[in-house]
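Chemist: In the numbering used here, the protein residues as written are 35 to 165.
Here a beta-carbon is modelled for each residue, glycine too, at the ideal position from N, C-alpha and C.
Below you will find the structure I want to go over with you.
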Amino acid sequence: MSKRIITFGTFDVFHIGHVNILERCASLGDTLIVGVSSDQLNFSKKNRNPIYDQESRVKIIQSLKFVDEVFVEHSLEKKREYIEFFKADVLAMGDDWKGKFDEFNDICEVVYFPRTPSISTTEIIEITKQI
Ligand code: C2G
C-alpha cells in the first residue's frame, strides 16, 4: 500500500532548510502532502505578515518535484482533521516542533527531523535589513 506523508509550514522566503525538510519528508513514503500556512495564520503565529503571500508560497511548494499535494492550512487547531482528511500515515516536522504533535500518534506515525542549522526566514529578513 502506498504510504502518505503530511507536513506543515509557512515556507516564507523559501530557502535550503525548507528544501531539506521536504526532501526528507518525501523520503519516508510515496506521496508528500504539504499544508502551507495561510497569511492570516502566519500573522497570528508570528505577529507579522509573511514576505511572500500565500498564493506565491503555495505555488513555490507545488513546483517542487518531491511534493505531490498542497493545501492551505487555515488553523493550527485543525491538524487532526487535516491528517484524517488527507489519509496521512505519517506526520513529519522539523525538530523545533519536537513533542508538540505527539498527540496525533493514535492516528499516524509522528516523526521529527533535525532542522538545517544556521538558516531561517527570520535570519534572512534581519540580514537583508542590514544591507
Ligand atoms: N525548517 C528546517 N530547517 C530550517 C528552517 C525550517 O528544517 N533551518 C523546517 C521547520 O522545522 C518546519 C518547516 O521547515 O518543519 C517549515 O518551517 P516554517 O516555515 O518556519 O514553518 P512554521 O512557521 O514553523 O510552521 O502547523 C505547524 C506550523 O504551521 C509550522
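For residue 82, tell me which candidate among 72, 151, 134 has the shortest Cα-Cα distance.
Modeler: Here residue 82 refers to the residue found at position 48 of the sequence shown. Of the candidates 72, 151, 134, the one whose C-alpha sits nearest the C-alpha of residue 82 is 72.
Chemist: Using 8 Å for Cβ pairs, my map puts residue 102 next to residue 67. What's the rounded Cβ distance?
Modeler: If you number the sequence shown from 1, residue 102 lands on position 68. If you number the sequence shown from 1, residue 67 lands on position 33. Yes, residue 102 and residue 67 are in contact; Cβ-Cβ is about 7 Å, under 8 Å.
Chemist: Residues in the same chain with beta-carbon distance under 8 Å from residue 121, minus the five sequence neighbours each way, listed in chain order, please.
Modeler: Taking the sequence shown and counting its residues from 1, the one referred to as residue 121 is at position 87. Excluding residues within five positions, the ones whose Cβ falls inside 8 Å are 38.
Chemist: Find the nearest neighbour of residue 108 within the set 95, 50, 74, 46, judged by alpha-carbon distance.
Modeler: Taking the first residue of the sequence shown as 1, we reach residue 108 at position 74. Out of 95, 50, 74, 46, 74 has the C-alpha closest to the C-alpha of residue 108.
Chemist: What ranges does the alpha helix (DSSP H) occupy inside the segment 109-138, keeping only unbroken runs of at least 4 residues that lie completely in it?
Modeler: You should have 113-119.
Chemist: Quick one: what's got a C-beta closer than 8 Å to residue 62's C-beta in the same chain, skipping five residues either side?
Modeler: Residue mapping note: residue 62 aligns to position 28 of the sequence shown, counting from 1. Counting only Cβ-Cβ distances below 8 Å, and skipping sequence neighbours, we find 37, 39, 124, 126, 145.
Chemist: From residue 133 to residue 147, what distance separates their C-alpha atoms?
Modeler: The residue given as residue 133 occupies position 99 in the sequence shown. The residue given as residue 147 occupies position 113 in the sequence shown. Going by the C-alpha atoms only, they are around 12 Å apart.
Chemist: Would residue 91 pass as a contact of residue 44 if the rule is Cβ separation under 9 Å?
Modeler: Locating residue 91 in the sequence shown gives position 57, where the first residue counts as 1. Locating residue 44 in the sequence shown gives position 10, where the first residue counts as 1. Contact: yes.
Chemist: Keeping to the same chain, check which residues put their C-beta closer than 6 Å to that of residue 47; ignore five residues upstream and five downstream.
Modeler: Numbered from its first residue, the sequence shown carries residue 47 at position 13. Excluding positions up to five away in sequence, the list reads 85, 155, 158.
Chemist: Rounded to the nearest angstrom, what separates residue 35 and residue 135 at their Cα positions?
Modeler: Here residue 35 corresponds to residue number 1 of the sequence shown, with the count starting at 1. Here residue 135 corresponds to residue number 101 of the sequence shown, with the count starting at 1. Their backbone Cα atoms lie some 25 Å apart in a straight line.
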